[in-house]
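Structure first, commentary second.
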Amino acid sequence: MEKYLSQLNEAQLEPTIQKDGPMIIIAGAGSGKTRVLTYRIAYLMNQGVDAFNILSLTFTNKAAKEMKERISTIVGSGEAKNLWMGTFHSVFAKILRFEGHHLGFPSNFTIYDTQDSQRLMGSIIKEMGLDKDIYKTKQIYSRISSYKNSLITVKAYFNNPELKEADAMARRPKMGEIYKEYVDRCFKAGCMDFDDLLLRTNELLTRFPAVLAQYQDRFRYILVDEYQDTNHSQYLIVRALADRFQNICVVGDDAQSIYAFRGANISNILNFQKDYDGVKLFRLEQNYRSTKNIVHAANSVIEHNETKLDKVVWTANDEGGKVKVHRSLTDGDEGRYVASTIFETKMNNQLQNSDFAILYRTNAQSRAMEDALRKREIPYRIYGGLSFYQRKEIKDVTAYLRLILNPSDEEALKRVINYPPRGIGQTTIDKLMVAANGYGKTIFELLENLDKVDIKINAGTKRKLSDFTTLIKSYQVMNETANAFDLAEHVTKTSGLMREFNKDGTPEGITRLENVEELLNGIKDFVEGQMELADASDSLAEFLEDVALATDLDADKGDVDHVALMTIHLAKGLEFNHVFIVGLEEDLFPSAMSMNTRSELEEERRLFYVALTRAEKQAYLTYALSRYRWGKLVDSEPSRFIEEIDDEFLEILTPTEERRINPMLSADIFGDSKSKIVNPNKIRYKPAKKPVLKKGGTAAKKEPEKFQVTTPKNLKPVAKTTAIDASNTNTNLFDSELAVGSLVKHIRFGNGEVLKIEGAGADVKAEINFQHGGVKKLLLRFAKLEVIG
DNA sequence: TTACGTACATTTTTT
DNA sequence: ATGTACGTAA
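Count along the first sequence from 1, add 825, and you get the number used in the numbering used here.
Have a look at this one:
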């Protein structure tokens, strides 16, 4: 242990060996907080605290796993095994498996992900006959989610006239009824959504003092990482559990609070000292990660926030290169710049792909980056977005597994009852739902007793229904004895899922099959891992829980060396040698949705701070003058965040005077006449500021259509093998290029022959006979075709 | 009941 | 540009 403690600096050592009592560690970016947390846990165990009595809550499962491994190397894996470590959601899901029965939940409750929850919400809104344009599923879902995170139960909602008033004002007077129905339906289905895992834990600890006492006694030492991103619900759980021993250690950085949108409450960390008596405060301010230029640049940005704790992050590291700022014309150019910079930097400095990360504000931005990386043949991996487990084919398989485990799971049932198609249509399902509600039974219970129930379904359909029921029941029987892998494999083969996936031979269909394959392999790995743990008691249930709570970051596939692409949110806690922060444009970053209030803008700024502090050696900030959004080319201007960085830490690679690649590009050719036109209609909130980084001209902004016609791409001679750019709106091109009889290549359908060309202007369509997929009619404006002859 | 076409909305971030 | 929703034809 001594050996390890000697690796810490003084500021880190103090909190590490502070054993008892409440404490808070304000840890600046890159200051080694994970190391402190890890060593502190090891130290506690070294001091005789039983691993069994330590609860450590992390932000991702991956962080938990890594921490556990590091602790194992210090104290031995036998000891570390008993540590309870994980995200709030996964830890309390486990506790609810044991204790949920107090609340009327079965121990095999299933977990609804966002998709399931929203589907359920959607069908409730539909059943209640409400206007779906006013009651927008997503909005209703997030509203209810925020109620739950603030511990506003259905009852509390109805007792709160202000809330009802607010929803009525928003023309949604039925909000409470929807909320109630949603909660009832989840309960009846034996399901919990993400928020329930916390809310129900609170309910459990509040209503059952004996249970609370039991866990208080168990968790004598509690550590919470990323405390700045806890919501009210999590805050109360921690308070309740720590109340008895008061050995609570929270770690966080107010400057990195970026989850307010999902209920995180920054005042949890700001007010921690008021919540407990005799709180010891520690600060970690030395950054070991980044160069001086990066640290100082980040500091100068965060200075613009009003709400923050007093803290000065500094570093003894090298000066390093200045933060590079690059402007491109379009998002496509931005991608090409990033890709070629990675390519060259890698060559010149003998770096690996994994030394680079591309961070963006929204998932949609990944596409331009992907295209460019692919052209350069740079391996990359996209983290987040549609995660593996959310893909349709994977959800189809897991829905069967969920249903086996918990036949009440309504969303799982609705998903598979007619998939693969077995002649059970919407009408039948609707009838079943109505009847189920009438009898107060679940749909599956109804299915088991079809002949005893008064329901108007014809005999043929009834047979189909009972076949389905028998099928599921046979799986349930198998689940008694078989392990999760054998069962899953059996299900995919015998349910017709495999046949269904096999049916289409398109490249996407093959990808789907591969995904299912991968899922099965994953289950196999999981089962084998469980065997080693000796108790393969309920492998299916545990696997499904892992699936529901997994983040993309957690998945650790033995990947080849790759560049990482992810949103900034996902990048929290990670570090990379070289970091590209792309799309630094007003309305994108900061997001247009987040500029209404000061606090929203400050969160965006913290997000930028997080992004910048991911970089160890070199940070790049890039933006484009126009980019595709909603399928249209939209002009944009540089983000205020660039301007907020002190000039001395920046290197502007593309100085204000625009490089004119092509004289036609200069918007100035339209002259002063246009720039004198003032558009009085353009009113837009903008704090007083003068962009330091001006763009070439303003005419383009006002007359985008005219401007586009002169885009240089259109003027370039198009070689035979040139891919037709989707951004190209000059349709004359197609006439000269494509003719009946031309041979073309499509990224998805392969080679094909043009049979017919029709339409005019932007709507030119071609009918093409493809090798794969047969005859298709494609809009040339969108289809990326390569002319090959 | 299903399959297919057209219309439509949709982009902020996630456990 | 992509996914979903709804209507119509088979």
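Quick reminder that beta carbons are idealized off the backbone N, C-alpha and C, glycines included.
Small disclaimer: the values here were computed from a predicted structure and weren't measured.
Since residue i is in the alpha helix (DSSP H), which residue starts that stretch and which ends it?
i, result
"D1466", "Looking at the sequence itself, residue 1466 is Phe, so the reference to Asp does not match. Start and end: 1465-1469."
"F1372", "Reading the sequence as shown, one finds Val at residue 1372 and not Phe. V1372 -> alpha helix (DSSP H) spans 1364-1374."
"T935", "Looking at the DSSP string, T935 is not in any alpha helix (DSSP H); the run it does join, the beta strand (DSSP E), is 935-937."
"D1135", "Here D1135 belongs to no alpha helix (DSSP H), and DSSP marks it neither H nor E."
"I1207", "First-last for I1207: 1205-1207, but that is the beta strand (DSSP E), not the alpha helix (DSSP H)."
"M1172", "1156-1174"
"E839", "835-841"
"K893", "886-900"
"Q1081", "Run containing Q1081: none; DSSP gives neither H nor E here."
"Q1251", "1251-1264"
"D1009", "1000-1013"
"A1237", "1235-1241"
"K963", "962-974"
"A1284", "1284-1306"
Just to confirm before moving on: does the CB-CB distance between residue i and residue j stay below 8 Å?
i, j, result
"A1193", "G1157", "yes"
"C1011", "M848", "no"
"N886", "T1376", "yes"
"V1076", "V1049", "yes"
"L1226", "L1365", "yes"
"T1116", "K1442", "yes"
"T912", "T883", "yes"
"V1148", "N1124", "no"
"R944", "E1236", "yes"
"Y1046", "V874", "yes"
"F1351", "V1341", "no"
"C1016", "T962", "no"
"L880", "F1044", "yes"
"H1129", "E1469", "yes"
"R1186", "G1408", "yes"
"F1474", "H1121", "yes"
"Y1113", "S856", "yes"
"K1105", "G925", "no"
"R774", "I959", "With the chain covering 826 to 1614 only, the question about residue 774 has no answer from this structure."
"N1093", "L1061", "no"
"F1401", "A1440", "yes"
"Y1300", "V1316", "yes"
"E1411", "A1449", "no"
"I1219", "L1344", "yes"
"A1058", "L1024", "According to the sequence as given, residue 1058 is Ser; it is not Ala. A contact, by the Cβ cut-off of 8 Å."
"I896", "I866", "yes"
"L1029", "S1191", "no"
Could you tell me which residues DSSP puts in a beta bridge with residue i?
i, result
"K1027", "According to the sequence as given, residue 1027 is Asn; it is not Lys. Per DSSP, none; premise fails for N1027."
"W909", "L880"
"R1152", "Y1448"
"N985", "DSSP, once it has assigned bridges, lists no residue as partnering N985."
"N1112", "T1140"
"A1089", "N1056"
"Y1046", "I879"
Within the continuous beta strand (DSSP E) that includes residue i, where are the two ends?
i, result
"I879", "879-883"
"K1105", "1105-1109"
"G1077", "1073-1077"
"K957", "That residue, K957, is in no beta strand (DSSP E); it is neither H nor E in DSSP."
"Y1052", "Premise fails: Y1052 is in no beta strand (DSSP E) and is neither H nor E."
"L1184", "1181-1185"
"L1475", "1475-1477"
"M1017", "1016-1018"
"A852", "848-852"
"D1460", "1457-1460"
### Task
Pick out the complete alpha helix (DSSP H) segments inside the region 1387-1453, 4 residues or longer, and give them in chain order.
Fully enclosed alpha helix (DSSP H) runs of 4 or longer: 1393-1396, 1423-1437.
### Task
Decide yes or no for the touch test of the region 1130-1143 against the region 1169-1177: beta carbon pairs closer than 8 Å, at least 3 of them.
Contact between the region 1130-1143 and the region 1169-1177 is absent, with fewer than three C-beta pairs closer than 8 Å.
### Query
Would you say the region 1094-1109 touches the region 1442-1455, given that touching needs at least three Cβ pairs under 8 Å?
Result no; under three Cβ-Cβ pairs closer than 8 Å.
### Query
Are the region 992-1009 and the region 890-903 in contact at 8 Å, needing three or more beta carbon pairs?
No, the region 992-1009 does not touch the region 890-903.
### Query
Is there contact between the region 1270-1281 and the region 1244-1251, where contact requires at least three CB pairs shorter than 8 Å?
Taking one beta carbon from each stretch, the region 1270-1281 and the region 1244-1251 have fewer than 3 pairs nearer than 8 Å; the two do not touch.
### Query
Between the region 1304-1322 and the region 1251-1267, do three or more beta carbon pairs fall short of 8 Å?
No, the region 1304-1322 is not in contact with the region 1251-1267.
### Task
Please determine if the region 1386-1404 and the region 1176-1184 are in contact, where contact requires at least 3 C-beta pairs separated by less than 8 Å.
They touch, by the three-pair rule.
#### Entry: Stretch-stretch touch, CB-based, cutoff 8 Å, three pairs: the region 914-932 with the region 970-989
No: the two stretches stay apart, fewer than three of their Cβ pairs being nearer than 8 Å.
### Task
State whether the region 1433-1448 contacts the region 1393-1408, with contact taken as three or more CB pairs (one from each stretch) at a distance under 8 Å.
With the cut-off at 8 Å, the region 1433-1448 and the region 1393-1408 touch.
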